[in-house]
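Residue numbers (this note's numbering), protein chains in the order written: chain Y, 764 to 1142; chain Z, 807 to 1138. Glycine included, C-beta positions come from ideal geometry on N, C-alpha and C. The next block holds one structure in the form of structure tokens; read it before the comments.
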């Protein structure tokens, strides 16, 4: 996992995901961060399954069981399979080189995992802002690995997909920071224990065939001073993971100067950064010292419903070439697309792919001058 | 002998049915939040929820009943974000939490609003127990807002304190007023502003005929800010013993404190529910350790607002406060 370099020769480099018959000499891998708008019928299916009250799991509604519509566990599983298949194919139709299933089986990025980890309990929704709530879980005892989290999701998606599949996993620091901690002395000890569970899950995913893992740590953006804890967690996460498995880290928009260049010490191959929404105002942060990992650059805004044109996206991709050479550049949206209307999310992906292919062709033709020189982590 | 008063700093979570009903009635977007001019159905939902949180406080045996500030979508910034003369912009982070509020931008003189007084009228009508008002302290409200009207921070703080004094002046009879001042810990005032802090707080305190408690939290005040605050004409200063007991005890013993004191001893941000016996021991511990102090009244409270918690845990925290104080009274 360590020492991400020029991408060409590394077993964990992005070239292993280059499609057969790729049209250009250059290859700017296109992918997404993970979440995608759910089809409306999936939300409706969830309501039916949960008896109309989407805030409660079905098992908590036993009092009214006789009133529940006839939409059982099997029907709900089938609905999620259908959605996963549909959105995986939608990603392929957009032309992405590496796809996900849009996280159709996941309700929320902390809740989903907390439900599968021993040591967590749920006490009800809490406010984030306005009337936006989430079921913030409580860690009430030592966390332990129980059932697998994502192996079924991965196997289904990989089976459906004709392209390589990436697996996004909520990082242990975020799982710890966005929970109530009743059981551990401090956040760090909880996060490190969770990191060991993430490691266990990745081992199982790798056994199932996964080669591209993305750790999502949005909480690092809001508490950047804890970057050393995230680093310690990542060391636990990649322990004994085979070299040919690519591991990325997604960090949402924040004051990146407070975590860079320290994050370059992290044992990951790729950093996925949200720079479009700030109009690349923090791009210079990553120019000095040189960016030694691969850069997965956000080139469309995940929070604005206007679809960027191909030309705009091409200009954004060229911003990335100010930081890293083409060999180290990956192209993706800023963040998960799930809050956008579905047709907008699709258009953004499709334009992103078109723009990447055009920039590749321009690079092949020598029409783009690349400023950034390849940088090796061990230089 | 010290009288113990079980109370809270307010800002409660909505009951779960109200979270769901109000999000259906109001919507999820920035422009859907409370603006001081809500539709009848929205007002009715809040009124019902207010009744529930008043009952919960009475049932828990609290000695003061607060409104619960259930309408305060923007938490402590609420008195400005509902104000007609204030523009609200994007969603910004609420201190060091995973919570967000609409940024209020002050673009003109702040006239009287009466929004908080209306809430207190409604609360007072629901109970015969002593009512406690809650407001952001002037420094914290100024800190949460953006000023595009006044010349400098000192002038802005003075204007905010005059505004809050006007709001407090319209309150019905209340027993106590809590002024919440987390910004004094999180973003301590510079020398210019610190020099006028006591005056700003006193301006608000003087507007009510009630005991006034200034409650900083998320740690301890730095020594200079603590010393300045002691010059304010208030009845009690609050100390967050959950976040930092050492520095708070140091401040009390090194500089003295007010005749009454407010102790944040129950964690307002963690679902772990304390044992009332342990809370009572913590009260005794502070009384013993505060060597020179002989308090007339000690308010026993959570260290922070309670909206961070799921509703059932919030109710459990109220019970802990009520039980801890009644335990102490039985033993005394």
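Reduced DSSP category for residue i - H, G, I as helix; E, B as strand; rest coil
i	result
residue 1004 of chain Y	coil
residue 857 of chain Z	helix
residue 1001 of chain Z	helix
residue 808 of chain Y	helix
residue 817 of chain Y	Confidence in residue 817 of chain Y is poor, its pLDDT being 47 and thus under 50, which makes the residue's placement unreliable; the coordinate value appears in the next sentence. Correct three-state label for residue 817 of chain Y: coil.
residue 900 of chain Z	coil
residue 928 of chain Y	strand
residue 779 of chain Y	helix
residue 899 of chain Y	coil
residue 991 of chain Y	helix
residue 985 of chain Y	helix
Given residue i as reference, the closest of the options once Cα atoms are compared
i	options	result
residue 841 of chain Z	Z:817, Z:884, Z:1040	Z:884
residue 1063 of chain Z	Z:861, Z:894, Z:1036, Z:1082	Z:1036
residue 970 of chain Z	Z:949, Z:1047, Z:1013, Z:856	Z:1013
residue 1023 of chain Y	Y:1006, Y:990, Y:1013, Y:1011	Y:990
residue 1106 of chain Z	Z:1096, Z:1050, Z:978, Z:1129	Z:1129
residue 943 of chain Y	Y:934, Y:889, Y:867, Y:879	Y:889
residue 878 of chain Z	Z:942, Z:857, Z:892, Z:935	Z:942
residue 1052 of chain Z	Z:1029, Z:1042, Z:956, Z:898	Z:1029
residue 1109 of chain Y	Y:791, Y:786, Y:1090, Y:856	Y:856
residue 1134 of chain Y	Y:1089, Y:1122, Y:1125	Y:1089
residue 974 of chain Y	Y:861, Y:1008, Y:984	Y:1008
residue 1038 of chain Z	Z:1098, Z:1009, Z:1045	Z:1009
residue 1082 of chain Z	Z:817, Z:1108, Z:1133	Z:1133
residue 1132 of chain Y	Y:854, Y:941, Y:1083	Y:1083
residue 1098 of chain Z	Z:908, Z:1127, Z:1058	Z:1058
residue 966 of chain Z	Z:930, Z:980, Z:948	Z:948
residue 1037 of chain Y	Y:862, Y:882, Y:1096, Y:914	Y:1096
residue 791 of chain Y	Y:1123, Y:854, Y:1061	Y:1123
residue 800 of chain Y	Y:1099, Y:915, Y:1117, Y:1138	Y:1099
residue 1026 of chain Y	Y:1040, Y:1002, Y:1058	Y:1058
With 16 other Cβ atoms within 10 Å as the buried cut-off, status of residue i
i	result
residue 1054 of chain Y	buried
residue 845 of chain Z	exposed
residue 851 of chain Z	buried
residue 798 of chain Y	buried
residue 847 of chain Z	exposed
residue 774 of chain Y	exposed
residue 1052 of chain Y	exposed
residue 783 of chain Y	exposed
residue 1158 of chain Z	The question about residue 1158 of chain Z has no answer, for chain Z in this structure spans 807 to 1138.
residue 824 of chain Z	buried
residue 1035 of chain Y	buried
residue 807 of chain Z	exposed
residue 987 of chain Y	buried
Chain Z within 8 Å of residue i, Cβ atoms only
i	result
residue 945 of chain Y	yes
residue 824 of chain Y	Confidence at residue 824 of chain Y is low in this model, with a pLDDT of 47, below 50, so its placement is unreliable and the value that follows should be read with caution. Output row for residue 824 of chain Y: interface = no.
residue 985 of chain Y	yes
residue 894 of chain Y	yes
residue 889 of chain Y	yes
residue 1095 of chain Y	no
residue 775 of chain Y	no
residue 901 of chain Y	yes
residue 962 of chain Y	no
residue 733 of chain Y	Because chain Y in this structure spans residues 764 to 1142, residue 733 of chain Y falls outside the shown range and cannot be described.
residue 1040 of chain Y	no
residue 886 of chain Y	yes
Chain Y contact for residue i (CB, 8 Å cutoff)
i	result
residue 808 of chain Z	no
residue 1113 of chain Z	yes
residue 897 of chain Z	yes
residue 802 of chain Z	In the structure as shown, chain Z starts at 807 and stops at 1138, and residue 802 of chain Z therefore has no counterpart that could be examined.
residue 904 of chain Z	yes
residue 1057 of chain Z	no
residue 1119 of chain Z	yes
residue 1116 of chain Z	yes
Where residue i meets chain C, residues with beta-carbon distance less than 7 Å
i	result
residue 829 of chain Z	You won't find chain C in this structure, because its protein chains are Y and Z.
DSSP beta-bridge partners of residue i
i	result
residue 1013 of chain Y	Y:979, Y:1035
residue 763 of chain Z	This structure cannot settle anything about residue 763 of chain Z, because the visible part of chain Z is limited to 807 through 1138.
residue 995 of chain Z	BP columns for residue 995 of chain Z are empty, so no partner.
residue 908 of chain Z	Z:897
residue 1117 of chain Z	Bridge partners of residue 1117 of chain Z: none, in fact.
residue 1067 of chain Z	Z:1043, Z:1104
residue 885 of chain Y	Y:900
Residue i Cβ short of 7 Å to the ligand PLP heavy atom set
i	result
residue 781 of chain Y	Absent from the structure shown: the ligand PLP. Ligands present: none.
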